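The next block holds one structure in the form of structure tokens; read it before the comments.
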Amino acid sequence: MGPRRRRARISAPTLVALAMGVGLIVLSRLLASAQTPPRPGSLRTVLWDFPQTPVGPMRAVVMLPPGAPQGARLPLLLALHGWGETLRGVERGAFGWSRDYELGASDRELRMRSLRREAFLGHVDDGRFQQLRRDLAARPYRGMVVVAPFTPDVLGADAGTLQSGFDRWVVETLVPRARRELPVLADRAATGIDGVSLGGLHSLEIGLAHPEVFGVVGALQPAVRGRIDRVLSRYVPSPSRPPQRVRLVTSRGDVYRRDVSALDAAMRARGIAHDLRVVAGPHDYVFNRGPGGVEMLLFHDRALRGLPAE
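If you want our numbering, it's the 1-based position in the sequence shown plus 102.
This is the structure in structure tokens:
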């Protein structure tokens, strides 16, 4: 038996130095983020609080577009945020789309006379940019009312209970209130649901399960890893099932790209009509603030009015 090898040990001062280094990196990133002023937006926000729901207290941020004619009714989009905002809790997390993802800035960019590359924050292919620019020149963006509720975590062990409760609250409480109190069209064809990452998973599960409520379903970089069968189970084929416009969006830097591609293949195998789009960008805030927000708003601007996407 040979001599024992002594395991290398890291000294306490070294551990402290490493911890301080990591802390400084994190702190510098937080400070950089805090020092970056938010881009100007065009959406006016209103808060809705729900003290009691099947999943506990809830909050939704309503985003109203500018310049709607008196008495005009617009399409309605429910937008669901990602897991990072879920960790912040109901009161802060509900602002995911309005503050953290700067959806108002994306809306403002789409209303400009000519689409700018700045709208994508450096993440757009030239072909895609030119395509959208031509389309907007021919068919100006009109916008919609966006309702962004807090998105509970359905990635843990109690996912089933949370998902069913959130599903019920969205369909039975949130959408009916929006149709009563907001200047929106009340029919399913003009009602959409979308979300990013965790919110994209929610969007698919709720949207596919309720074609009687949502005529359009979208998902940006949905967190479907290990959950494809769960998503597919929400789609119940029936001769009386109303049609839906369904679109999956992933990106070349998306950590879920392979999973979204697998979901795309599984949906095609089952005959579930949908589109898949692969765009530029990472799975990060810059995607949500840039190509993610632009793609989501523009798709629903067309689809909720029964028009071709582009």
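Glycine residues also receive a C-beta, built at the ideal position from the N, C-alpha and C atoms. If you're wondering where the values come from, they're calculated on a predicted model, not measured in any experiment.
Inter-residue spacing [alpha-carbon to alpha-carbon] between residue i and residue j
i: residue 204; j: residue 319; result: 21 Å
i: residue 273; j: residue 287; result: 16 Å
i: residue 174; j: residue 325; result: 36 Å
i: residue 388; j: residue 189; result: 19 Å
i: residue 380; j: residue 184; result: 19 Å
i: residue 337; j: residue 139; result: 42 Å
i: residue 157; j: residue 310; result: 21 Å
i: residue 293; j: residue 177; result: 6 Å
i: residue 237; j: residue 263; result: 43 Å
i: residue 191; j: residue 258; result: 16 Å
i: residue 244; j: residue 150; result: 24 Å
i: residue 252; j: residue 216; result: 33 Å
i: residue 261; j: residue 340; result: 27 Å
i: residue 225; j: residue 392; result: 7 Å
i: residue 358; j: residue 240; result: 34 Å
i: residue 332; j: residue 365; result: 11 Å
i: residue 141; j: residue 182; result: 21 Å
i: residue 235; j: residue 148; result: 31 Å
i: residue 202; j: residue 342; result: 40 Å
i: residue 133; j: residue 313; result: Note that residue 133 scores 42 on pLDDT, short of 50, meaning its location in the model is unreliable; the coordinates nonetheless yield the value given after this. One C-alpha to the other measures close to 44 Å.
i: residue 193; j: residue 246; result: 24 Å
i: residue 412; j: residue 242; result: 12 Å
i: residue 356; j: residue 328; result: 16 Å
i: residue 135; j: residue 255; result: Caution is warranted here: a pLDDT of 47 is assigned to residue 135, below 50, making its placement in the model unreliable, and the coordinate value is therefore given only provisionally. Answer to the nearest angstrom: the Cα atoms are 25 Å apart.
i: residue 404; j: residue 306; result: 19 Å
i: residue 214; j: residue 152; result: 35 Å
i: residue 330; j: residue 267; result: 20 Å
i: residue 378; j: residue 218; result: 24 Å
i: residue 187; j: residue 385; result: 14 Å
i: residue 169; j: residue 283; result: 18 Å
i: residue 265; j: residue 223; result: 33 Å
i: residue 146; j: residue 154; result: 26 Å
Pair within 8 Å by beta-carbon distance, residue i and residue j
i: residue 317; j: residue 346; result: yes
i: residue 321; j: residue 350; result: yes
i: residue 195; j: residue 250; result: no
i: residue 315; j: residue 281; result: no
i: residue 179; j: residue 296; result: yes
i: residue 171; j: residue 144; result: no
i: residue 394; j: residue 298; result: yes
i: residue 368; j: residue 406; result: no
i: residue 353; j: residue 323; result: yes
i: residue 396; j: residue 375; result: no
i: residue 269; j: residue 308; result: yes
Three-state secondary structure assigned by DSSP to residue i
i: residue 263; result: helix
i: residue 167; result: coil
i: residue 288; result: coil
i: residue 223; result: coil
i: residue 298; result: strand
i: residue 383; result: strand
i: residue 234; result: helix
i: residue 247; result: strand
i: residue 217; result: coil
i: residue 269; result: helix
i: residue 253; result: coil
i: residue 399; result: helix
i: residue 409; result: coil
Just list the beta strand (DSSP E) runs in the stretch 132-213, keeping only unbroken ones of 3 residues or longer that don't cross its boundaries, in chain order. Counting only runs of 3 or more, we get 146-152, 160-166, 178-182.
Residue ranges of each alpha helix (DSSP H) run of no fewer than 4 residues wholly in the stretch 319-373, ordered along the chain? As for any alpha helix (DSSP H) of minimum length 4 sitting wholly inside the stretch 319-373, the runs are 330-335, 359-371, ordered along the chain.
If contact is defined by three or more beta carbon pairs under 8 Å, each pair taking one atom from either stretch, is the stretch 208-217 in contact with the stretch 388-402? Enough Cβ pairs lie closer than 8 Å, so yes.
Using 8 Å as the cut-off, can you tell me whether the stretch 265-281 makes contact with the stretch 219-236, which would need three or more C-beta pairs spanning the two stretches below that distance? Note that the stretch 265-281 does not touch the stretch 219-236; fewer than 3 beta-carbon pairs, one per stretch, sit closer than 8 Å.
Could you say if the stretch 289-305 and the stretch 147-162 meet the contact criterion of at least three C-beta pairs nearer than 8 Å? No, the stretch 289-305 does not touch the stretch 147-162.
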